[in-house]
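Numbering (mature numbering (1 follows the signal peptide of the UniProt record, and there is no 0)), first residue to last: -21 to -1, 1 to 303. Glycine included, C-beta positions come from ideal geometry on N, C-alpha and C. Bear in mind that the values here come from a model prediction, so they are computed numbers and not experimental data.
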Amino acid sequence: MFTTKCSVLLILLANHILSSGQQEDKFFRVDYPKYIPETDSFYKVHTVHQTWEKAKETCEAEGAVLYYPDDEEEALAVWNYINATQTFYWIYIGVSSPYAPHVFITVEGHPISSVYDNWGVGEPNDQSGVERCVVIRRDGTLNDDKCDVKNPFLCKKRASTINWNILCDMPDQKYEYYDGLGRCYKFHTTPKTWLEAVQVCNAEQSYLAIIDSQLEADHFVNLTRIAKKDDVEGSYLRGAVHLGFTRTNSQWRSIKGRPVKALGYCKWGHNQPDGGDNETCGSMFYNGKLNDINCEQKCFFICEREIPILGSAIEMRYGETNKG
Ligand SMILES: [Ca+2]
Ligand SMILES: [Ca+2]
Ligand SMILES: [Ca+2]
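Rendered as structure tokens:
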């Protein structure tokens, strides 16, 4: 009990130090290095080209929005930033016409006339009647384009919308600190395939949860029990949640590489694993017992986050790791 209290105090202390530093050195995530004071926002360039919808989802998964300029000043500042490291000729922005042709709105629901709407000559032309998504070109002009083309994009986070989760030392308020283990968890109630679950957790700067002890298993059972999951509709597997382990070379290992047998908790459900090559991904029955599952099966999942303390937290925030 004493050590638990100690670690909580340490975390609070660490957060106090960091959050007082946060006033002058604002922070969102280490992968959002660019802060522009004029817009009071953080930006991240995504160099992997995506469809417009996927770009929008990627930003949302990171707790941000698909960038679009509010005004000319921002359009210019952001292009200056992009040009410093990239050679893109255009990027997707968070503007589309989802409901009616030529009625363009931002991903936050504002009409384009209320933000930056410097269209290129002859645009928007809705060529062939399929141009519903918007790109901004290097010269600062907008063009409507097909949504299934893959383009680079930026995500943006307004500093004013960052609501720091102090105990978990992250901007996502849905992670809950668990005193017993000194770390944080989030139960996801949008069913995903196993790999999608891995990606969602990674985008949130955590990982698909791994059970390392009976205590943690008990906590997951409890998290599952209280999760608001019973009204979730759709086609997905009820009764199990994805966990961060998988079968590779006929051995069950966590996504961090350790054999499941060596994790400190390895209680399989009745007759499990039973799926052979058809079930090579890891899950937990709602009762806490392990189960092999088909990787394409959609179900709920839990993300786990270890909280960096003091030095490591500062390194994580200010990017001092991996240098030298
Ligand atoms: Ca066009
Ligand atoms: Ca764990
Ligand atoms: Ca099974």
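**Prompt:** Is the beta carbon of Ala196 within less than 7 Å of some heavy atom of ligand 2?
**Reply:** No, the beta carbon of Ala196 sits no closer than 7 Å to any heavy atom of ligand 2.
**Request:** Kindly examine ligand 1 and report whether one of its heavy atoms sits closer than 7 Å to the Cβ of Gln184.
**Result:** Residue side-chain check: Gln184 keeps its Cβ at 7 Å or more from all non-hydrogen atoms of ligand 1.
**At least 3 beta-carbon pairs within less than 8 Å: the region 169 to 183 vs the region 36 to 48** = Contact between the region 169 to 183 and the region 36 to 48 is present, because at least three Cβ pairs lie under 8 Å.
**For Tyr157: DSSP bridge partner residues** = Under DSSP, Tyr157 takes part in a beta bridge, and its partners are Arg162.
**Prompt:** Which of helix, strand or coil does DSSP assign to Ile286?
**Reply:** Note: Ile286 maps to coil in three-state DSSP.
**Item:** Uninterrupted alpha helix (DSSP H) stretches inside the region 120 to 198 (no shorter than 4 residues)
**Value:** Listed in chain order, the alpha helix (DSSP H) runs fully inside the region 120 to 198 are 173 to 182, counting runs of at least 4 residues.
**Tyr46 (DSSP reduced to helix, strand or coil)** = Correct three-state label for Tyr46: coil.
**Message:** Quick check on the DSSP output: the beta strand (DSSP E) that includes Tyr265 runs from which residue to which?
**Reply:** Tyr265: not part of any beta strand (DSSP E); DSSP gives it neither H nor E.
**Prompt:** In this structure, does DSSP put Val94 in helix, strand or coil?
**Reply:** Reduced to three states, the DSSP call for Val94 is coil.
**Request:** Report the residue from Thr168, Arg204 and Leu269 whose alpha carbon sits nearest the alpha carbon of Phe279.
**Result:** Ranking Thr168, Arg204 and Leu269 by Cα distance to Phe279 puts Thr168 first.
**Request:** Please classify Ser139: is it buried, with 16 or more other beta-carbons within 10 angstroms of its beta-carbon, or exposed?
**Result:** That one is exposed.
**Message:** Just to confirm my understanding: we take Tyr47, look at its own chain, exclude 5 residues before and 5 after, and list those with CB closer than 6 Å. What are they?
**Reply:** Excluding residues within five positions, the ones whose Cβ falls inside 6 Å are Ile72, Gly73, Val74 and Thr85.
**Request:** Return the CA-CA distance between Glu183 and Gly88, expressed in angstroms with no decimal places.
**Result:** So the alpha carbons of these two residues sit roughly 24 Å apart.
**Request:** Helix, strand or coil for Tyr14, going by three-state DSSP, please let me know.
**Result:** In the three-state reduction of the DSSP assignment, Tyr14 falls in the strand class.
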